[in-house]
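The listed protein sequences derive, respectively, from chains A and B. The C-terminal residue of the first sequence carries number 612 in my numbering, and the numbering is unbroken. The C-terminal residue of the second sequence carries number 851 in my numbering, and the numbering is unbroken. Comments concern the structure below.
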Amino acid sequence: MEALKQFKPEWSDWCPGCGNFGIINAEQQAIMELGLNSERVVIVSGIGCSGKLPHFMRIPVSGVHTLHGRALAFATGIKLSNPSLEVIVNGGDGDLLGIGVGHFVSIGRRNTDITVIVHDNGVYGLTKGQASPTLLRGIKTKSLPKPNINDAINPLFLALSAGYTFVARGYAYDVKHLKELIKRAIKHKGLALVDVLQPCPTYNDINTKEWYDKRIYKLDNDTGWDPVVKAESETKDKLKKAIDKSFEWGDRIPIGVFYENELIPSFEERIKQNSPSYSQYYPAAQQIEIDRKPNTLVEDILKEKRVEY
Amino acid sequence: MRLTWMIGGAQGTGIDTSATVFGNAIASAGYYIFGNREYYSNIKGRHSYFTLTISDRRVKSNTQNVDILVSFDAETVFHHFADVKSFLIYNKSVENVKLDTVQTMEEETKERVKKVLGQRGLDATVSSALKYVEGNGVKLIPVNYDEITKKIADEFKVPLSVVDRVKNTIGIAVSYKLLGLDIDFLIKASDRIFKQDLYKKLNAKAVEEGYSAVTSVYDLKPLKVSDERYWLDGNTAVAIGKIYGGLRFQSYYPITPASDESTYIEAHQEVLMVDPKTGDKIKGTVVVVQSEDEIAAINMAIGAALSGVRAATATSGPGFSLMVEGLGWAGMNEVPVVITYYIRGGPSTGLPTRTGQSDLLFPLFAGHGEFPKIVIASGDHAEAFKDALWALNLAEKYQTPVIHLVEKTLANSYSTVPKHELGLDKLDIDRGKLISKADLSYRRFKVTQDGISERAPLGTTLMYYTGDEHNEMGHISEDPENRVIMYEKRMKKLEIADQEIPEESRLKVIGNKDSKNAIITWGFAGSVLEDIINESGLDATAIQIRMFSPFPSRLVTKLLSGRDKVIAVEGNYLAQASSLVTMFTGITPTNYVLKWNGRPFLKDELENGLRQVINENVKKVVLYGGA
């Protein structure tokens, strides 16, 4: 808390009414409510309006504002070198599902213990409103010269098929609900996706706050909805249900947790299996010199290469 | 002394293993070895060959002239007959094979072979090629491999298919006998390499058969060895150097000829260390990630470096092309990340399994915007080991990306390296201004006298990074004055590095320092020049540049002034290193010896080229050696 008092936040330069305000508020509250040690939290972002989020956090957590599409790669390096850090990635839909879609899929195969928050607004805001990968075909948002010619990616379906073990959707203007989703995503062991529907008041004049407000409903209100895999035998069935649910889009749009499975080993656990010392002596926990002399012993591996006489 | 031995055959038929057994035997008799593998971008079937040099002194190069060629198929004879000088061991059953029937050979090669044979009025068959070399005074040694393998199969009561590979051992045993060394060295070497009992026995028998087939010629005697020596190829040398240097994170995407380094590290990822607190032996993990592409590889390594970990990636030209955006981010954010850049033939896919020195200006100038970058290049296997550690030190000291250049030839060749050359006890780890604790007043990019700020790992205090121009705190700032200050802060680090890193360590001078002839070179070419100058007494001062950024301008100027000739020796078309010499010193080469056919510099051809330049003042010599 001492840190909070001393902390002087930056001014956020997002447009008035931007969904990013809802996302940053929910994220800050989630981190605070979970009682995370703020210096152990690292926010990694890509490029675009959402990319600036780490700079605008009003709580003292570290931020790494990376390259367009590459936040997941940076986050992977940070997390695997120091698994004691809490790593959260914020990126736009263009960033994570367009230029960075290769990383978005590949990180699913690893199930690294990272939280990924997609700022999903259907447009590239900072470059003046081009169509992003989540904009439906045929939609013409205001700065498009022609209706969108590409089909849209379904981020939830993509994540489910890529191997994400926690898949959820939130809404930027329901901060309380989003906060709870982010908390659950952070606590989840393994790779977590929170796709956040986010109106862009400047460039997306179709999927507006009013548009979403009419359609969104919460999965939590359905008592029959249980997305958590509790035994391996349930995996296929719950995945199928989650995939089915992920295609519900139109008059009714569900938000909440679609899928959760902690039975799949995280990448960190897989490394431990190969190299047991990773539990205690992961890369950042090792001192690699003693008084400037290397303390790594290479005699044994050199011996494998020794000329025998 | 120097003897050149070669073995050739189709990829996937055990040529490598045979070369290993042979080299192992010779090295165990106390000789130094340099061996290089040449192969196609192919898994099985294409022609590959292994050239091995035997010497009583440390050796770092091969020659074009081959003293002994061991062959099993017709293709090997066709590829190499013209280079054989003393003995050609061949399979009796391929004598009548016509060149046109060898499907695995490329048309361009066949045409050239036809031309060479045609000049002596010979047709394109193995027997003609044999006649050709006989005319050059080469002794032909036909071996009836089929008969011998059948005999072994019968004796051990195993099917012929099981003993097929034993053919190779017969061939190497015949060649080994020529050297005059005791059979024991070869038997023991074969025993060390072949793990299964049956194969140990079959190969021991094959050794006996081959060994008894000919009489000795060279009369080599076992040499007394007082030091420990290691078989080091470039990939492994760099890998071990990195591990010793404290590398704890490596990300990579598979690419020839870089991947072997990363897979070696992964195979040895749990490293033995001394616990700084207790002095006990503990184990620590080097994380190795095979990423989805090179873009991810560099950015993962950067992420790891932000956590305070020594991190690197290894790649080749096509992969590095994808890494350039990440490189710029590392420059902007002052991240110590190491890129081991294995140079192969470009552009595009180019020659994926062949060597060259075409990628010097590209890594040196890669990236938009201006940022400091340190670029070093190794010339031999011991240097590759030490430079791997040096790169990690430089990266942390100057908080900037370091590119370590290693050519394919160095990566895939090996030499027996005496322990003292590795200088294990002399190597230090310098982590620069890395701190482990900081309070909330910490500013990652605090402006300092030398441009280098204290660097705290993520997780120790509050910090920000961004690829945008930023202020001391790491927040975005487009303020013009801040821009100038931060720009200068970054660029200043290169000036400081230039002041601090002794210029003597940034280049290597080979040969008589006061010769009228100076040679500018770098990388593996330096090794070949070292052998030429040491063995043949060529009158030249060779300057092997080992660091291109910051460039050792003052020392190079001093070393090049007052020479009659300044000769550029490089494995590229543009003489890239020489153009840097011109850029930094104003001195332009007077002559050139260049090579860009994808094959390494060979000692004899380079020596001939240099003699043409020195004695006849030929302006530019282009070399074509190597099959």
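Idealized CB from N, CA, C, for every residue including glycine. It should be emphasised that the depicted structure is a prediction, and the values quoted were computed from it without experimental measurement.
In chain order, what residues of the same chain lie with their CB nearer than 7 Å to the CB of residue i, ignoring the 5 residues before and after it?
i	result
isoleucine 546(A)	Phe460, Leu463
glycine 247(B)	Ile257, Gly259, Leu276
glycine 397(A)	Gly351, Tyr427, Ser435, Pro436
isoleucine 709(B)	Val671
So residue i is in the beta strand (DSSP E); what residue range does that whole segment cover?
i	result
leucine 471(B)	471 to 476
arginine 714(B)	Premise fails: arginine 714(B) lies in the alpha helix (DSSP H), 704 to 724, not in any beta strand (DSSP E).
glycine 473(A)	469 to 474
aspartate 423(A)	418 to 423
serine 639(B)	638 to 642
proline 366(B)	363 to 367
alanine 766(B)	765 to 769
lysine 650(B)	Looking at the DSSP string, lysine 650(B) is not in any beta strand (DSSP E), and its letter there is neither H nor E.
Answer with buried or exposed for residue i, where buried requires no fewer than 16 other C-beta atoms within 10 angstroms of its C-beta.
i	result
threonine 393(B)	buried
glutamine 474(B)	buried
phenylalanine 305(B)	buried
aspartate 828(B)	buried
arginine 221(B)	Because chain B in this structure spans residues 225 to 851, residue 221(B) falls outside the shown range and cannot be described.
glycine 735(B)	buried
serine 387(A)	exposed
histidine 491(A)	buried
proline 319(A)	exposed
alanine 520(B)	buried
glutamine 309(A)	exposed
glycine 342(B)	exposed
lysine 466(B)	buried
phenylalanine 775(B)	buried
glycine 411(A)	buried
Under the assumption that residue i contacts residue j (Cβ atoms under 8 Å), give the Cβ distance between them as a whole number of angstroms.
i	j	result
proline 704(B)	alanine 619(B)	The Cβ separation is near 30 Å, so there is no contact.
isoleucine 563(B)	isoleucine 627(B)	5 Å
alanine 590(B)	threonine 539(B)	Not really, about 12 Å apart at Cβ, beyond 8 Å.
glutamate 857(B)	serine 409(A)	Chain B is shown only over 225 to 851; residue 857(B) falls outside these bounds and no answer can be derived.
arginine 770(B)	lysine 732(B)	6 Å
glycine 458(B)	alanine 608(B)	5 Å
isoleucine 744(B)	proline 813(B)	6 Å
isoleucine 522(B)	threonine 502(B)	About 36 Å separates the two Cβ atoms, so there is no contact after all.
proline 586(A)	serine 384(A)	4 Å
With which residues is residue i paired in a DSSP beta bridge?
i	result
isoleucine 791(B)	Ile743(B), Asn815(B)
arginine 288(A)	Residue 288(A) falls outside the range modelled here, since chain A spans only 304 to 612, and no answer is possible.
lysine 322(B)	Thr349(B)
histidine 271(B)	Ala234(B)
leucine 439(A)	According to DSSP, which records beta bridges pairwise, leucine 439(A) is partnered with nothing at all.
valine 510(B)	Answer is none; valine 510(B) lacks a bridge partner.
tryptophan 229(B)	Leu276(B), Ile292(B)
valine 626(B)	Val562(B), Ile598(B)
aspartate 498(A)	Val421(A), Arg472(A)
Excluding the 5 residues preceding and the 5 following residue i in the sequence, name in chain order all residues of the same chain whose CB lies nearer than 6 Å to its CB.
i	result
tyrosine 474(A)	Leu500, Ile519, Ile558
leucine 312(B)	Leu293, Val357, Val362, Leu364
leucine 484(A)	Ala471, Gly473, Val497
leucine 405(B)	Ala253, Leu444
glutamate 330(A)	Ile485
May I ask which residues mark the beginning and end of the alpha helix (DSSP H) holding residue i?
i	result
proline 866(B)	Residue coverage of chain B in this structure runs from 225 to 851, which leaves residue 866(B) outside it and unanswerable.
histidine 368(A)	Taken as a continuous stretch (DSSP letters only), histidine 368(A) belongs to no alpha helix (DSSP H), being part of the beta strand (DSSP E) at 365 to 368.
threonine 809(B)	800 to 809
glutamine 343(B)	331 to 343
threonine 487(B)	483 to 491
serine 414(B)	407 to 417
proline 458(A)	458 to 465
isoleucine 348(A)	Checking the sequence shown, residue 348(A) turns out to be serine, not isoleucine. Where serine 348(A) is concerned, there is no enclosing alpha helix (DSSP H), although the beta strand (DSSP E) it sits in stretches over 344 to 348.
methionine 335(A)	322 to 336
serine 385(B)	384 to 387
aspartate 828(B)	827 to 840
arginine 487(A)	478 to 490
valine 390(B)	390 to 403
Ignore the nearest five residues each way along the sequence and tell me which others in residue i's own chain have a CB closer than 8 Å to its CB.
i	result
glutamate 331(B)	none
Give a single yes or no on whether residue i has its beta carbon closer than 7 Å to a heavy atom of the ligand ADP.
i	result
lysine 716(B)	Within the structure as shown, the ligand ADP is missing, as the structure has no ligands at all.
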